[in-house]
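Peer 1: Take a look at this one; I'll ask things after.
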Amino acid sequence: MAHAIRFHETGGPDVLRWEEVTVGEPGPGEVRIRHAAVGLNFADTYFRTGLYPAPLPSGLGVEASGVIEAVGDGVTHVAEGDRVTYTGSPLGAYSTARVMPAESLIKLPEEISCETAAAMTMRGLTSAYLLRRIHPLKSGDTVLLHAAAGGVGLIFSQWAKLLGITVIGTVSTEEKAEIARAHGCDHIVYYRRENVAERVRELTDGKGVPVVFDSIGKDTIAGSMASLQRRGLLVCFGTSSGVPPLDAMQLVMHGSLFVTRPALADYIAEPAERDALAGELFGHVASGRIKIEINQRYDLKDAPQAHRDLEAGRTTGSSVFTL
Numbered sequence: 067m068a069h070a071i072r073f074h075e076t077g078g079p080d081v082l083r084w085e086e087v088t089v090g091e092p093g094p095g096e097v098r099i100r101h102a103a104v105g106l107n108f109a110d111t112y113f114r115t116g117l118y119p120a121p122l123p124s125g126l127g128v129e130a131s132g133v134i135e136a137v138g139d140g141v142t143h144v145a146e147g148d149r150v151t152y153t154g155s156p157l158g159a160y161s162t163a164r165v166m167p168a169e170s171l172i173k174l175p176e177e178i179s180c181e182t183a184a185a186m187t188m189r190g191l192t193s194a195y196l197l198r199r200i201h202p203l204k205s206g207d208t209v210l211l212h213a214a215a216g217g218v219g220l221i222f223s224q225w226a227k228l229l230g231i232t233v234i235g236t237v238s239t240e241e242k243a244e245i246a247r248a249h250g251c252d253h254i255v256y257y258r259r260e261n262v263a264e265r266v267r268e269l270t271d272g273k274g275v276p277v278v279f280d281s282i283g284k285d286t287i288a289g290s291m292a293s294l295q296r297r298g299l300l301v302c303f304g305t306s307s308g309v310p311p312l313d314a315m316q317l318v319m320h321g322s323l324f325v326t327r328p329a330l331a332d333y334i335a336e337p338a339e340r341d342a343l344a345g346e347l348f349g350h351v352a353s354g355r356i357k358i359e360i361n362q363r364y365d366l367k368d369a370p371q372a373h374r375d376l377e378a379g380r381t382t383g384s385s386v387f388t389l
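Right under this line is the structure:
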């Protein structure tokens, strides 16, 4: 028998239940994996609240790492005993073990622990596609990054530094500012008490930035658009404060802006591209060029408290569930 966090109705953190579950044998194209660590991501709350619909009752979580215990027919790229990590559907990562499709699994190099992998696979691959696929950024460019002390923010800023890109990062507190600076963020803006666009213009000699990476949404979109150069790109890759309304005329008024709402799934859907991005990420982490710090650890059965902390903004960087 195994255990999993499941929910039978949408709502607040208290709908999450610690349940005993049966894990069977893998079928064709599947594996059974014994988890060593599970990632905690803000997107998990979207499924729990119903913002992202899921058939009920449902498991939760899309990121974990562990060891393959059994392999079904037709699986060739991984084998029993392999250490692997993954991010993506189907839901169910909040579990001690599970049967799942093998196609999304990524082998771990020896230098990266399962706990580190669970803390960085989604965040690291998100940083990878934001920096390497969304826009042709080059050394000397300056960008605005919201939530610079978050899990993506800390990896993004370190990677940007390797590429010669200057990062203006927004945070909510002095504590988070210190963390962001320590991970390569060049300039800090306190988005709750400062005018973000005015500070960005000051820092860029009035020009603004070519790209804004916004994972907050409703609370920040106006400042994001006002921070962009003419024909700049607004990358809305998250909505922690809610889904913002988008008036196309505002894009015109701010200089013929472009907007994209990307999803990681569409940048790792092709195995070759996923492996290329993962290879870059793993190379930087294994060499120490990018450091993954786990700032919060929870027992899996304490998922409700983890979600409360996450939604209240009490977490920084990466969080994991330990097993």
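Using the working numbering, the letters of the sequence shown map in sequence onto residues 67 to 389.
All residues carry an ideal CB built from backbone N, CA and C; glycine is no exception.
(1) Round the Cβ separation of residue 42 and residue 166 to the nearest angstrom and send it over; I've been treating them as touching at under 8 Å.
(2) Evaluate residue 275 with the Cβ neighbour count: other Cβ atoms within 10 Å of its Cβ, from every protein chain shown; 16 or more gives buried, anything less gives exposed.
(3) Grouping DSSP H, G and I as helix and E and B as strand, with all else coil, what is residue 257?
(4) Measuring CA to CA, which of 294, 237 and 214 is closest to residue 256?
(5) Using 8 Å as the threshold, is the region 207 to 217 in touch with the region 171 to 181, meaning 3 or more CB pairs across them?
(6) Under 8 Å: do the region 322 to 340 and the region 289 to 304 share three or more Cβ pairs, one atom per stretch?
(7) Give the range of the beta strand (DSSP E) segment to which residue 365 is assigned.
(8) Alpha carbons only, please: which of 229, 312, 316 and 336 is nearest the one belonging to residue 327?
(9) Can the beta-carbon of residue 122 be found less than 9 Å from the beta-carbon of residue 76?
(10) I'd like to check one pair, residue 163 with residue 89: are the Cβ atoms closer than 9 Å?
(11) Can you tell me whether residue 198 is helix, strand or coil according to DSSP?
(12) What distance in whole Å lies between the Cβ atoms of residue 120 and residue 25, which are believed to be in contact at a cut-off of 8 Å?
(13) Alpha carbon to alpha carbon, how far is residue 359 from residue 218? Give it in angstroms, no decimals.
(14) For the beta strand (DSSP E) holding residue 348, just list the boundary residues, first then last.
(15) Can you give the Cα-Cα distance for residue 92 and residue 154, rounded to whole angstroms?
(16) Going straight from the alpha carbon of residue 199 to that of residue 220, what length do you get?
(17) Using a Cβ-Cβ cut-off of 8 Å (strictly less than) and excluding sequence neighbours within five positions of residue 182, which residues of its own chain qualify?
(18) Identify whether residue 116 lies in helix, strand or coil by the three-state DSSP scheme.
(19) Taking Cβ positions, are residue 203 and residue 231 nearer each other than 9 Å?
(20) Determine the burial state of residue 118: buried for a count of at least 16 other Cβ atoms within 10 Å of its Cβ, exposed for fewer.
(21) Strictly by DSSP, which residues pair up with residue 173?
(22) Could you compute how far the alpha carbon of residue 348 sits from the alpha carbon of residue 271?
(23) Could you give the first and the last residue of the continuous alpha helix (DSSP H) run that contains residue 245?
(24) Taking C-alpha atoms, which residue in 379, 330 and 250 lies nearest to residue 129?
(25) For residue 147, count neighbouring Cβ atoms within 10 angstroms of its own Cβ and tell me buried if that reaches 16, exposed if not.
Peer 2: The structure says:
(1) Residue 42 is absent from the structure shown; the chain starts at 67 and stops at 389.
(2) buried
(3) coil
(4) 237
(5) no
(6) yes
(7) 360 to 365
(8) 312
(9) yes
(10) yes
(11) helix
(12) Absent from the model: residue 25. The displayed extent of the chain is 67 to 389, so no value can be given.
(13) 12 Å
(14) No beta strand (DSSP E) holds residue 348; the alpha helix (DSSP H) holding it covers 337 to 353.
(15) Going by C-alpha positions, residue 92 is about 18 Å away from residue 154.
(16) Between the alpha carbons of residue 199 and residue 220 lies a distance of about 19 Å.
(17) 351, 358 and 360
(18) coil
(19) Taking 9 Å as the Cβ cut-off, residue 203 and residue 231 qualify as a contacting pair.
(20) exposed
(21) 150
(22) Cα to Cα, residue 348 sits roughly 36 Å from residue 271.
(23) Unbroken alpha helix (DSSP H) run through residue 245: 240 to 248.
(24) 330
(25) exposed
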